[in-house]
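Heads up: the sequence shown begins at 2 in this note's numbering, then just goes up one per residue. Cβ coordinates follow ideal geometry from the N, Cα and C atoms, glycine included.
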Amino acid sequence: MRGEASRGVTGAWSSADMRTAAPLPPGLLRTALQQEGLVDSEQCDAVGVGAARRGALRRAGLLERVVRGVHDLAPALDAADVPAWQRADRWERARRRAAWLGVLAVGRARGVAVGACALALLGVEGLPVRIRPEVALLDGTHRVPGGGVHVRCGVPERVERLGPVMVVDPVTALAQTVPTLDREHAVAVLDSAIHRRLVREDELEEVRRRTWGRRGSVRVARWWDLVDGRAQSPLETRARLQCRDAGIAPHDLQVAVRDGSGRVVARGDLGWRLDDGRLLLVEIDGATPHGSPDALYRDRARQNAIVATGALLLRFTADDLRHRRVAEAVARHVTPSTRWNGSVATPG
2 MRGEASRGVT GAWSSADMRT AAPLPPGLLR TALQQEGLVD SEQCDAVGVG AARRGALRRA
62 GLLERVVRGV HDLAPALDAA DVPAWQRADR WERARRRAAW LGVLAVGRAR GVAVGACALA
122 LLGVEGLPVR IRPEVALLDG THRVPGGGVH VRCGVPERVE RLGPVMVVDP VTALAQTVPT
182 LDREHAVAVL DSAIHRRLVR EDELEEVRRR TWGRRGSVRV ARWWDLVDGR AQSPLETRAR
242 LQCRDAGIAP HDLQVAVRDG SGRVVARGDL GWRLDDGRLL LVEIDGATPH GSPDALYRDR
302 ARQNAIVATG ALLLRFTADD LRHRRVAEAV ARHVTPSTRW NGSVATPG
């Protein structure tokens, strides 16, 4: 079917379009890959892909106009079957793409990614699936470039350069973003920022202080104590919050599992020490494939090593979190006497 569709599109091109559309300069494709499929007119012109050729590329179905001066080369990357493009997580790409759209729409020389867009480019996880393109201009002016791009008024503070793009620093980006999120996303974003060492735990107070007066800051005030940078993924954060809401907050995170000699054989995402002395571990399996023979072997060996210590292991997926099955399963094993009392236990 894919081959037939490609032949159908190709058949609609004129011979002139085909000559003009292919091949695209490798440098432009590399730029598009780095910018989540988007390029601006200046970048195209610099490698000889001028207005006439861009028109041919549009007719060939290899380029789409997004907003004035910004072009989408995702169809060309798809056609070129670029491995790095095909492997990318589509939701992460969509968030970073929103950030790039904002910067390119106002100009790379003066556009600064802010808020959730800055966090997406910095690699912070836990953001909502969709974020709006949001930028500020170095000179503090305001303009409306279209395409749903929001431009913040005022001169951006603490601007950093992240490769070819400018972003506000992580503390500023968090202060701008957290008050706009619900609890699950807010805590996950803060967990991720700490885990990735973009901010230190002692910088959270500055983030918190800089949210004061922003819309949503009062609602967010009761969530700061829930942040724990040991969480290695938003799924782990979500599981922890669900268990806490059910009155069975884990005793510890990233719990060391030791064999009889004291050697650490694994670490569990969430852990409880049960009344009988055993360790209850919860593992949240992400989207990483476990289907290859090597991956399955390592996974089985690790699970066997955990179970051999006498620990009880429960494994869950994102679907279990959506249906709130984690806390329900944990509650069957955690009695009132073993529920979290406000102090941190250190199992293992």
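Thinking residue i and residue j are a contact (beta carbons under 8 Å), I'd like their distance in whole angstroms, please.
| i | j | result |
| --- | --- | --- |
| R268 | A257 | 6 Å |
| I285 | A247 | The Cβ separation is near 16 Å, so there is no contact. |
| M167 | A114 | 7 Å |
| E135 | H151 | 5 Å |
| D229 | L254 | 6 Å |
| R97 | P146 | With 8 Å as the limit, R97 and P146 do not qualify as a contact, their Cβ atoms being about 18 Å apart. |
| G1 | L138 | No answer is possible for residue 1: the residues shown for the chain start at 2 and end at 349. |
| A222 | H196 | In fact, because the Cβ distance is near 22 Å, the residues do not count as touching under 8 Å. |
From this set, the options, which residue's C-alpha is nearest residue i's C-alpha?
| i | options | result |
| --- | --- | --- |
| G261 | A194, T310, R333 and S218 | T310 |
| G148 | L297, V104 and L58 | V104 |
| L1 | T336, G116, R153 and L182 | The structure shown does not extend to residue 1, since the chain is modelled only from 2 through 349, so no value can be given for it. |
| D140 | R153, P24 and P146 | R153 |
| L25 | E202, L58, A53 and V107 | L58 |
| L122 | V145, P146, R94 and L280 | R94 |
| A187 | R198, S218, R197 and G164 | S218 |
| R220 | R245, P180 and R109 | P180 |
| A81 | L30, A100, L138 and G214 | L30 |
| D226 | D73, E202, D79 and R299 | E202 |
| L78 | L120, R144, Q35 and A99 | Q35 |
| A330 | D300, W273 and A302 | W273 |
| R91 | R55, A119, V130 and V107 | V130 |
| W224 | S42, H252 and D192 | D192 |
| E185 | T212, G214, R245 and R215 | R245 |
Mind checking residue i: buried by the 16 CB within 10 Å criterion, or exposed?
| i | result |
| --- | --- |
| A22 | Any reading at A22 is ruled out, since the residue's pLDDT is 44, under 50, leaving its predicted position unreliable. |
| R209 | buried |
| Q87 | exposed |
| E37 | buried |
| R325 | exposed |
| R333 | exposed |
| V156 | exposed |
| D183 | exposed |
| L297 | exposed |
| G51 | exposed |
| D73 | buried |
| A85 | exposed |
| H143 | exposed |
| D295 | exposed |
| D46 | exposed |
| R55 | buried |
| V107 | buried |
| A328 | buried |
| A110 | exposed |
| G9 | For G9, the predicted structure reports a pLDDT of 31, less than 50, and the residue's modelled location is therefore unreliable. A value from the coordinates is still provided. The residue in question, G9, is exposed, as its Cβ has fewer than 16 Cβ neighbours within 10 Å. |
Taking 8 Å as the limit between beta carbons, can you name the residues of its chain near residue i, skipping five residues before and five after?
| i | result |
| --- | --- |
| P76 | G62, L63, L64 and E65 |
| L322 | L236, R239, A240, Q243 and I285 |
| A306 | V258, D260, V266 and A267 |
| R159 | V169, D170, V172 and T173 |
| L313 | L275, R279, L280, L281, L282 and H334 |
| V371 | Nothing can be reported for residue 371: it is not among the residues displayed for the chain, which extend from 2 to 349. |
| D277 | none |
| V83 | L30 and L34 |
Considering only residues of the same chain and omitting the five flanking positions on each side of residue i, which have a CB-CB separation below 7 Å?
| i | result |
| --- | --- |
| A194 | V125, P171, L175 and V200 |
| L102 | L39, V67, V71, P134, G148 and V150 |
| R316 | E284 and D286 |
| A319 | L236 |
| T212 | A176, V179, P180, S218 and V221 |
| R371 | No answer is possible for residue 371: it lies beyond the span of the chain, which begins at 2 and ends at 349. |
Please go through the same chain and pick out, in chain order, the residues whose beta-carbon is closer than 6 Å to the beta-carbon of residue i, but skip the five residues on each side of it.
| i | result |
| --- | --- |
| E207 | V172 |
| W14 | At W14 the pLDDT is 36, less than 50, meaning the model places this residue with poor confidence and gives no usable figure here. |
| A117 | L128, I132 and T178 |
| Q44 | T32 |
| A189 | G127, P235 and T238 |
| S42 | G70 |
| A100 | A114, C118, A121 and L122 |
| R264 | none |
| R198 | none |
| R215 | P180 |
Starting from residue i, follow its DSSP beta bridges and name the residues at the other end.
| i | result |
| --- | --- |
| I285 | F317 |
| R259 | V265 |
| W273 | L281 |
| D170 | D170 is not bridged to any residue. |
| D253 | G272 |
| R162 | M167 |
| S39 | The amino acid occupying residue 39 in the given sequence is Leu; Ser does not appear at that position. Partner(s): D73. |
| G112 | L138 |
| R153 | A137 |
| E65 | D73 |
Does the ligand MG have a heavy atom nearer than 6 Å to the CB of residue i?
| i | result |
| --- | --- |
| L282 | In the structure on display, the ligand MG does not appear, and there are no ligands present to speak of. |
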